[in-house]
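Student: One structure, pasted below without further comment.
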Amino acid sequence: QQRKVQMKSFAVLAIIATLASADEVVKARRVSKEAPCRVKPAEQPNTKPGKPLPEVDVPDSWLWNDIRGANLLTTIRQQHIPQYCGSCWAQAASSSLSDRIKIARSGAWPEINIAPQVLISCEMPDDGCHGGFALNAFKWMAENETTDETCSNYFARGHDNGQECSAMIKCRNCNPGEACYVPDKYRVYGVEEYGEVKGEEAMKQEIYQRGPIACGVAVPQALDDYTGG
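Mature numbering (1 follows the signal peptide of the UniProt record, and there is no 0) puts the sequence shown at residues -22 to -1, 1 to 207.
In structure tokens, the structure reads:
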């Protein structure tokens, strides 16, 4: 039986629906798996929002990667290495949670990067490398435990294309010349509160007071077809 050290954090999702008509947004909800970064679905998971934030004066510019000279943001990823994987939804959720953990820890070493691999392998309401919705990822992390990238490397494959959920996906260690194994003890993370932030001012307050958010942008087909000019 594995011994796990728990850490809980707060994550929030914001969806920005803009530039698209209502008909186009409804059509996008029926999008194929070839368009992995999806707009808000008609039926959403229940949320666990925290207390509303009090409004404060927000500066014209606020960069979490330059707070008195310190970078409080985590590693930027390339989701298509070592092969194409439409995991933008999992990358957004895990990255924003990682950033908030770093902010809460005042940038303390070591940096904690929540593993998107666990989401694309184990979070079943969505389609792994064929797309999903970040709010589902936050819900899953609120109901389950996830790990960081010292436990779970990114394969750019999910439950839909060859990397199904397992104890080894959540945390593994390997020694040269020996079989990999699940460690007896490892750290796990979760989400205590999650929800939506609606409107420009509310998003600015959330980012300024708590940290980065995961966003989606609903756009018309014309933008997807745009090549220049």
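Ideal Cβ positions, reconstructed from N, Cα and C, are used throughout, including at glycine.
Can you tell me which of P103, P94, Y167 and C100 puts its alpha carbon nearest to the alpha carbon of A134?
Tutor: The candidate whose alpha carbon is nearest that of A134 is P94.
Student: Got a sec? Which residues, its chain only, sit under 7 Å from V96 by beta carbon, not counting five neighbours each side?
Tutor: So the list reads T124, T125, S130, I147 and K148, once near-sequence residues are dropped.
Student: Within 10 angstroms of the Cβ of T52, are there 16 or more other Cβ atoms? Answer buried if so, exposed if not.
Tutor: Buried.
Student: Am I right that A120 and V169 are in contact with their C-beta atoms under 8 Å? What's the rounded C-beta distance?
Tutor: Contact holds; Cβ gap of about 4 Å.
Student: Just grab the DSSP bridge partners of Y172 for me.
Tutor: Note: Y172 sits in a beta bridge opposite K26.
Student: According to the Cβ coordinates, are R78 and G189 closer than 8 Å?
Tutor: Taking 8 Å as the Cβ cut-off, R78 and G189 qualify as a contacting pair.
Student: By the 10 Å Cβ neighbour count, where 16 or more other Cβ atoms means buried, how is K29 classified, buried or exposed?
Tutor: Exposed is the call here.
Student: Taking buried to mean at least 16 other C-beta atoms within 10 Å of its own C-beta, is L31 buried or exposed?
Tutor: So L31 ends up on the exposed side.
Student: Taking a contact to mean a Cβ-Cβ separation below 8 Å, would you say A115 touches A145 in this structure?
Tutor: Against a cut-off of 8 Å, the Cβ pair of A145 and A115 comes out as no contact.
Student: Helix, strand or coil, according to DSSP, for A48 in the structure here?
Tutor: Residue state, collapsed to three classes: strand.
Student: Which first and last residues belong to the alpha helix (DSSP H) in which M181 is found?
Tutor: E178 to Q187 is the extent of the alpha helix (DSSP H) around M181.
Student: Tell me the rounded alpha-carbon separation between Q141 and C100.
Tutor: Cα to Cα, Q141 sits roughly 9 Å from C100.
Student: Would you call I91 buried or exposed, if buried means 16 or more other Cβ atoms sit within 10 Å of its Cβ?
Tutor: According to the sequence displayed, residue 91 carries Asn and not Ile. So N91 ends up on the buried side.
Student: Do V34 and K182 count as a contact pair if the criterion is CB distance below 8 Å?
Tutor: Taking 8 Å as the Cβ cut-off, K182 and V34 do not qualify as a contacting pair.
Student: Note down the Cα distance separating D38 from G106, rounded to an integer number of angstroms.
Tutor: The straight-line gap from Cα to Cα measures roughly 37 Å.
Student: Do E171 and K26 have their CB atoms nearer than 8 Å?
Tutor: Cβ distance < 8 Å, so E171 and K26 count as in contact.
Student: According to DSSP, which residues form a beta bridge with H108?
Tutor: The partner list for H108 (beta bridge, DSSP) reads G64.
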